[in-house]
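Working notes, beginning with the structure itself.
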Amino acid sequence: MAAASSVVLLGAGQAMAQTAATDAAAPASAQEPSSVEEVIVTGFRASLQSSLSAKKNSNLIIESVTAEDMGKFPDQNIAESLQRLPGVQIDRENGQGTRVRIRGLDQNVTVLNNDIFVSGMELFRLGEGKINQTNSLEGIPSELIGGVDVYKSPDASLLEGGLGGIINLKTRNARSLRDDITIAGDLRGNKAGETDWNPTGSLVLGYKFSDRFAVLGTVSYDKTELHTDVLGGENRGGWAFNDRPVVGGGTLDVWSPEYRYATYRDQERKRLGASLNLDFALTDSLQLTGDWFHSDLKIKTSEASIKFPFANENATYAAGASVDSNGVLQSGTVTANSAEGTSYLQDSQAKTDNFQVALNWDNGGRLTGSVRAAYSTADYESASANNDVRYTQYTVRNGTAAGLTPNATAPATFTYSYANGDNPKFTPANAAQFTTPSSVFAKSHWVFGEDTQIDNTSIRGDLKWRPEFGETGDLVISAGVRYAERKIDSEFWQLLADYSGKGELNGRTYGQDWTPYGYFQDGAIGFKSCGLPAGTPGRPNCGQTATDDGRFGASPALITPYQTAASNPERFETLTVGGITALFQNRSQMENPVAWLSNLYSSTPFKKFADPIQSFRIKERTTTGYGMVDLGGSDDRYHVNAGVRVVRTELTIDSSGTPTSPWYWGTDSWNGVIGNPDAIKTTREYTDVLPSASAVFDVNDSDKVRVSAARVVSRQDLFQLGQGSAFNFTRSSTPGPNLNRFLYTNGSGGNPDLDPYRASQFDIAYERYFGRSGIVSGAFFYKSVDSFIQTDTVPRTVADGSVEGATLGVYTAPVNGDGGSIKGVELAAQYAFDNGFGFNANYTFSDSETSKSNDYDDNLPIPGVAKHAFNLQGFYEGHGFEARVSYAWRDKSYQGDFSFGSGADRHSLGTWERAYGQLDAQVGYQVTPAIKVVLEGINLTEEPTGRYLQWENLPFRYATADRRIVLGARFKLGM
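Dropping the structure here:
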């Protein structure tokens, strides 16, 4: 493995606030600062030579990406640039690189200039299924970054928190600018698929007041639009296999999702970024620097989906369905009681500010030191609007036992054919039911959201001492202390309607566990007070009987108005989703979710209620000390580092649980939030001792050997630590006593007693340099993880709206499971030929194993680890013309188990991410020494992403990805 392998550069660069070999990476910097020299590059060859020099002189095993020019990173996305490095892969969402995996592990820590950093995307929920997302890098404006280092093996001075590694974002240093005045920037247009052209640009201004004081500021703005067609099935947990009903009698064993969702997704992103660096040499020996890093990311996601029932809505297979030997449906016809479409819009915003101040002292003597303070804050807010439309007949309340069917022209059932594939094809038997206005009913509406605040503070002091007695071995002794505090306040809320003005009673007044509020605005729901004892003042006449309170029968209308695409055509839009043209709730009307719902039900007041079960607060305090020694100077053929870092963690988690006798802000457990949660405060303390050692040996002038070993630790997932028990419910359309009632399907919760991830690791690498711009390298790595946090799935009976009062479903929660190991090989090579051509290539083999098993496999891999991955990059630079072609590929990877069912029909299957390859290209021409035009193409082959469930022909998820084009010009002026 290369110790500091660098992505190829295509333009001029600037020195950064933290270079590839920081004080942490090369503590003996008081000797010859070979790794901290200002590097001025004027072309690709000079950039490549600089990268190789940084690799050769580094004391730690790192990978690096450097900005091509002021305000211009090699890729539009930080994560996508990192995927080109050996041993680094990324996750993707909506065509964007999101989370980085170092040697397959996503338990990493991201820092700014080797100190705390928040991006605003540390934890958030995505989609109608509220899927938890963590540690995404998509919110970071790449224009503000001068470079990124990925540390694969740490020394004792580096921040703890990375199981796979440390991602260090580096800003630029103002006094390192060549000119007294620097003006640079770019103006580009970007386009994805059939979307419009959108603006992207940045401006960099630098001014040197003197050799002692300089200021550098950057501002950036970009807007992107993306369209994705998605197949989903993971957001509903009620899958089934055994004895699925067949028309005419009989059963069939076939893997049957509760629903498959075919989704039409549009996403708009607007991001404003800004940064400021102040660099002041107070004296010849004292330097003061300050950094501000700001990002404001707004994401609007709108979806339209059609739901295809397989294990719900009384779904029945037609005779003659084709099922293979594994129970995977290849083709067949299904008839269910309902056809529904969903419109969903999420409006989210992540705002972050990171501040850093550093005071560095070095008078050329034996003792040097620094003091640094940092404060980071992030605020993530989102609101999500949801609407279901019905394409089959739907009955709502009107005071009669038969009820009212607003869309009586619709068919009673939904029949469709299914043809299997990575992205299966659905063909309805009656396509007109989706487009006939009188058959399309706006069935249910609901709104939820979240507000998450993160605040980080830290202060640290570091000393380096070169004792006289160690001069012969260039001995450097380093030590430091650090105190940090992190606070997370995450609130999930629901928008509840107050029905008291419509005559709904307060059940609490009559000894019940409910109140006159409701989450789901669905006309099939009648008065909860129908179930109060006879003679209760104000109880509505619902045609109550001894066995039926009439709430879902003869109850008077409660949630009105009732609207169809015929009565209110202005509410609907026509889209083609999964090959089916259908009418949906117009998503543009949902952009302000709270106002949208309030306007639909103008006679009903609404109020936000925090859901205590899904909300939590976490406070983490860490007190850290380290000591380490370095041996070997620039004239020696070796460098040795050894040290230990001790971290004391104090953790306080405030979460909530469901009490023995709960009551609800809402008419039901499924229709509101708990009003009397059990407050759970968990306080924990633990200490981690993290030794590390590394050595670099010069075999000769061209060959190096590196070895390292370390103990590492990574924090727990915030959602897994803080969340209480959250439950999902779905409306039943199966004929019988529970028709139209909301039944429990699945749930999940957190575990405040989870321990961090801990591991021991070892690396050995060999590097051979040739010429001024060539290298081949190879490395072996091994990591033993003490314990992985795994998800256990168990049956659980939860109170719901069923006649029985509760339903058995599945419930998942994280626990500390057994450990595992990962070992592998990384190979890399790069060279620039005299004719202007060159290449950069790397390959990673990773073999991992755990004791985890499911119904079909034992000793499963570590989740996220792809066995094979490679990157190829070819380039040309000459006569003012430059071009680059890049291809990144990763093998399939195990992502965890998906468990469902109960009793004899309980199953646990593995989910696997399909192999993925992406082709990118860039061409540019230097029109003048100050102006360059650039054309970039991203994902030129429009490669989709996908997951399968246990067998490659059982699709679990699929998402298309458009080709993205960026066209524009960059400029740079120095005076």
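Every position in the sequence shown, counted from 1, becomes a number in our numbering once 264 is added.
Every residue, glycine too, gets a C-beta built ideally from N, C-alpha and C.
Since residue i sits in a beta bridge, which residues does DSSP pair it with?
i	result
A1194	DSSP output for A1194 lists no bridge partner at all.
H491	D530
M892	S742 and G907
E407	Answer is none; E407 lacks a bridge partner.
D1111	K1087
S648	Q610 and F712
Y1046	F1026 and K1087
Y783	Paired residues: none, contrary to the question.
A454	It should be noted that the sequence gives Asn, not Ala, for residue 454. N462 and V1230.
F1327	Nothing can be reported for residue 1327, as the shown portion of the chain is limited to 265 through 1239.
W1153	F1134 and G1181
N1104	Q1094 and Q1137
D486	T464 and R535
V414	E327 and I431
G512	DSSP lists no partner for G512.
F1052	Bridge partners of F1052: none, in fact.
Would you call the CB atoms of residue i and residue j closer than 7 Å?
i	j	result
N438	D543	Per the sequence shown, residue 438 should be read as Ala rather than Asn. Yes.
R1148	F1134	no
V329	V382	no
F816	N1004	yes
D981	R1022	no
E1141	G1188	no
L369	V976	no
T482	L408	yes
Y581	R524	no
A647	D611	yes
D555	L536	no
V364	L349	no
E410	V373	Note on identity: in this sequence residue 410 is Gly, with Glu being the wrong assignment. Result no, Cβ atoms of G410 and V373 do not sit closer than 7 Å.
L895	V904	yes
L861	I917	no
R851	S607	yes
S702	T673	yes
N1002	S1066	yes
Just to confirm the assignment, what range does the alpha helix (DSSP H) spanning residue i have?
i	result
L346	I342 to L346
N863	P857 to L864
G986	L982 to G986
Rounded to the nearest angstrom, how far is the Cβ of residue i from that of residue j, given a contact under 8 Å?
i	j	result
I1028	A1093	I1028 to A1093, Cβ: 18 Å. No contact.
A583	V518	A583 to V518, Cβ: 13 Å. No contact.
D1064	T1055	Not quite, the Cβ-Cβ distance comes to about 23 Å (not below 8 Å), so this is no contact.
A1194	F1220	Wrong, their Cβ atoms sit about 51 Å apart, outside the cutoff.
G936	Y774	The Cβ separation is near 17 Å, so there is no contact.
A614	A642	7 Å
G1073	G1011	7 Å
D762	K871	7 Å
R881	D686	Rounded, the Cβ-Cβ distance is 42 Å, inconsistent with contact.
Q1190	G1144	4 Å
If you follow the beta strand (DSSP E) that residue i is in, where does it begin and where does it stop?
i	result
P820	No beta strand (DSSP E) holds P820; DSSP gives it neither H nor E.
E837	F836 to V841
L561	L550 to P573
G1238	R1228 to G1238
Y763	Per DSSP, Y763 belongs to no beta strand (DSSP E) and is neither H nor E.
T330	I326 to T330
V977	D967 to S978
A943	D942 to D962
V937	G936 to I938
V592	That residue, V592, is in no beta strand (DSSP E); it is neither H nor E in DSSP.
L847	I844 to Q849
Y928	Y928 to G930
P1219	P1219 to A1223
Looking at the C-beta of residue i, does it have a partner C-beta in chain D at a distance below 7 Å?
i	result
G481	Given the protein chain composition of this structure (a single chain), no chain D is represented.
Report the residue ranges of all beta strand (DSSP E) runs contained in full by the region 358-390; include only those spanning at least 3 residues, in chain order.
-> Within the region 358-390, the runs of beta strand (DSSP E) that reach at least 3 residues and sit entirely inside it are, in chain order, 360-366, 373-376 and 387-390.
Ignoring anything shorter than 3 residues or poking outside the region 653-725, list the beta strand (DSSP E) runs there in chain order.
-> Runs of beta strand (DSSP E) with 3 or more residues, each lying fully within the region 653-725, are found at 678-683 and 689-692, listed in chain order.
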